[in-house]
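Engineer:
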Amino acid sequence: MKITALSALVFASLAGGAIAQTADQDLIERGKYIATMGDCAACHTQPRGAGKPYAGGYAIASPLGTIWSTNITPSREYGIGTYTEQDFSDAVRKGVLKDGTHLYPAMPYDAYAGITDADMKALYAYFMHGVAPVDEPPAQVTELPFPFNLRFSMAAWNLLYAGGKPFTPDAGLNAQENRGKYIVDTLGHCASCHSPRGLLMGSVSGQYLRGGSVGPWYAPDITGDPVHGIGSWANEEIATYLKTGRVAGKAQAAGPMAEAVEHSFQHMADDDLGAIAAYLKTVNAPATASTPSVASRTDMGQPVDVEPGIRGLFPENAHDSLKTGAELYSGYCASCHQPNGAGSRNQAYPSLFHNSVTGAASATNLIATILYGVDREAGGDHVLMPHFNTGSYVAVLTDQEIADISNFVMETYGNPNAAKVTTADVQVVRDGGPVPFLAKVQPHIPALMATGGVAAVVVLAGVILLVRRRRIA
Ligand code: HEC
Ligand code: HEC
Ligand code: HEC
């Protein structure tokens, strides 16, 4: 009798423990998915196995110097092991640590401000119990020049640009579209690349998701606008692009978008990808569903065979004899993209017409593709296009050669209005993209401050640090 009661008790407590365990495990699993959607690993883990998960030490190039991500494992000494849920929430959603230290907005807390309380709870459970502690500090610490080393200046920036509230559904959208809006605006932080940053690098009003610069790359308009945006894409195509990084006859993902697909978007549930697509189509959607009179950027260009015009003009493989854009294209690009620009039959080497990079209003991403190539692991495929920058194993092309190829490709296969690339344009992309206003004035800031422009400078300070993720090398 006694024994039975005891064993019943033991059984009950064991079962209770098991249930609690499952509930916690579910929360941790959910938190793990939210961390993937939020792409925390992209900045807090060094890429492709170079460092331990979430141990930090990833370098983010800013025009003022390198910002190093921190250790966010539950290590009590070097990570966030002593953070309460409130401390964690304040760091992620407000960019403020418990000792009052302000984080630089390289950590996208302006977007994460919208994370719901329920998701925050799961995220905290994951970082406390689902991540292995790493008891060592990142190798490097961020040291920016004066006045940007004064972290309190970020508080002024926050007043202007951050400080959002947890997401609330938009009454004008259905449940699926609201789910998409939540992901796009918070965890997916799409706007941090796809919205332009103005003089002060805050999001320019009315330009939501209308396109913006990310280092040497340009993140295009992804609104439902059928001409400038992706309104002409089927929802399934948008979802496929996010899952695999490519849609034949439309677009491929290189640069920072390839990284986002690799680390984050390919791991999102199909329902969530569908929700993102449904929501994007509602942004700047045309009032009536008429066919636009102007071609979208994925409709431009046609096959044109370059070979007949240049055949016999130069001995094959004599690289130095390639002079015109057509010859350079034939020598360096046609082996994969084909002499007529149509790409390979299965489009593993994509067509250069009906391609959003060549149909774009600017040749920026074409130049960036030539200089940086494509390197993306998604859906079990490792997609590689060689780069032609210093250190290329194929060929190192000069600014002049890249300008000539770009003009030829734009003129022949893409948007001819963008075929006016100069060597200076190539130089800008080679150097990592346009330099923001603030970086240009930085050397003068100490003098400015001495003459009393402190308030202005403090406001400006945060702004420049709102850098987008960009690998340094
Ligand atoms: C685009 C890059 C980027 C992404 C994405 C990112 N972080 Fe960060 N995070 C940083 C940087 C850089 C810092 C350090 C900023 C500084 O030194 O001011 C940081 C700091 C932090 C801190 C403060 C740690 C401390 O005590 O120093 C926490 C917590 C944190 N991030 C959590 C997260 C979580 C959770 C996610 C995903 C939801 C995430 N981060 C995504 C770049 C990023
Ligand atoms: C870190 C910066 C970054 C983030 C974050 C980002 N993107 Fe992108 N995105 C880019 C860049 C750069 C390109 C151009 C890539 C190329 O052409 O190779 C791009 C391209 C795209 C395209 C293809 C558009 C076209 O016409 O070719 C779509 C669609 C897209 N992104 C959707 C999204 C969505 C949705 C999110 C958020 C869930 C997102 N992106 C987040 C940088 C980013
Ligand atoms: C060895 C084969 C190869 C060569 C040579 C090559 N490419 Fe590519 N190219 C690729 C592959 C692979 C992709 C990526 C396909 C994908 O993302 O699915 C690509 C993608 C592109 C894209 C789309 C990039 C984007 O971000 O959307 C452009 C534009 C392009 N190549 C232009 C060129 C030009 C111009 C040259 C010559 C200077 C060239 N390629 C040489 C294989 C090649």
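For the sequence shown, the residue numbers in mature numbering (1 follows the signal peptide of the UniProt record, and there is no 0) are -20 to -1, 1 to 453.
We put the beta carbon where it would ideally sit given N, CA and C, even for glycine.
As the structure is a computational prediction, the values presented were derived from the model and not from experiment.
#1: Does the segment 162 to 173 come close enough to the segment 377 to 384 to have 3 or more Cβ pairs within less than 8 Å?
#2: Assuming the contact rule is C-beta atoms closer than 8 Å, G110 and G11 should be a hit. Round their C-beta distance to whole Å, please.
#3: Got a sec? Which residues, its chain only, sit under 7 Å from T53 by beta carbon, not counting five neighbours each side?
#4: How do the segment 115 to 122 and the segment 95 to 104 stand: do at least 3 beta-carbon pairs fall below 8 Å, yes or no?
#5: Helix, strand or coil: how does DSSP classify Y198 here?
#6: So for G225, helix, strand or coil by DSSP?
#7: Using the DSSP secondary-structure output, state which residues sit across from E216 in a beta bridge.
#8: Just to confirm my understanding: we take E57, look at its own chain, exclude 5 residues before and 5 after, and list those with CB closer than 8 Å. What are they?
#9: Would you kindly work out how many angstroms separate the C-alpha atoms of Y162 and V227, rounded to a whole number?
#10: Tell me which same chain residues have a C-beta within less than 7 Å of the C-beta of H243, skipping the five on either side of it?
#11: For V409, tell me which candidate among D361, W197, A155, Y329 has the shortest Cα-Cα distance.
#12: Which residue's Cα is closest to the Cα of C170: E65, Y393, F245, R356?
#13: DSSP three-state label for I40, please.
#14: Using the Cα positions of P149 and N158, report the straight-line distance between them to the nearest angstrom.
#15: Would you say K223 reaches chain D, if we count a Cβ-Cβ gap shorter than 9 Å as a contact?
#16: Determine the DSSP secondary structure at H362, reduced to helix, strand or coil.
#17: Return the Cβ separation of I347 and V401 in integer angstroms, given the expectation that the two are a contact with Cβ distance under 8 Å.
#18: From the DSSP output, which residues share a beta bridge with T46?
#19: Do you know how far the Cα of K261 is from the Cα of A399?
#20: Return the CA-CA distance between A41 and I95, expressed in angstroms with no decimal places.
#21: Hey, could you find the ends of the alpha helix (DSSP H) S342 is sitting in?
#22: Under a three-way DSSP split, which group does R356 fall into?
#23: Below 8 Å on the Cβ atoms is my guess for G229 versus H334; work out the distance and round it to an integer in Å.
#24: What number of angstroms, rounded off, separates the C-alpha of V194 from the C-alpha of D4?
#25: Anyone know if the C-beta pair for F368 and Y312 falls short of 9 Å?
#26: With a 10 Å radius around its C-beta and 16 neighbouring C-beta atoms as the bar for buried, classify T220 as buried or exposed.
#27: For the segment 39 to 102, which segments carrying the alpha helix (DSSP H) assignment without a break, of at least 4 residues, lie completely within its bounds, in sequence order?
#28: Looking at C-alpha atoms only, which residue of V354, D250, T304 is the closest neighbour of G160?
#29: Assuming contact is defined by CB atoms lying nearer than 9 Å, are S276 and A343 in contact in what I supplied?
#30: Between Y63 and R28, what straight-line distance do the alpha-carbon atoms span, to the nearest angstrom?
#31: In chain order, which beta strand (DSSP E) runs of at least 3 residues are fully inside the segment 304 to 347?
#32: Compute every distance between the C-beta of D19 and the non-hydrogen atoms of ligand 2, then say whether any falls below 8 Å.
#33: Please report the straight-line C-alpha distance between P288 and A404, rounded to a whole angstrom.
#34: If I follow the unbroken alpha helix (DSSP H) through G254, where does it start and stop?
#35: Report yes if the C-beta of F368 is less than 8 Å from at least one heavy atom of ligand 4; otherwise report no.
Structural biologist: So, from the data block:
#1: no
#2: 6 Å
#3: Y34, A35, G59, V111, A112, P113, V114
#4: no
#5: strand
#6: coil
#7: DSSP output for E216 lists no bridge partner at all.
#8: D115
#9: 24 Å
#10: D19, A21, A22
#11: W197
#12: F245
#13: strand
#14: 6 Å
#15: Here chain D cannot be found, since the structure has a single protein chain.
#16: strand
#17: 7 Å
#18: A41
#19: 30 Å
#20: 26 Å
#21: Premise fails: S342 is in no alpha helix (DSSP H) and is neither H nor E.
#22: strand
#23: 5 Å
#24: 39 Å
#25: yes
#26: buried
#27: 65 to 74, 89 to 92
#28: D250
#29: no
#30: 28 Å
#31: none
#32: yes
#33: 31 Å
#34: 250 to 262
#35: As presented, the structure is devoid of ligand 4, carrying ligand 1, ligand 2 and ligand 3 as its sole ligands.
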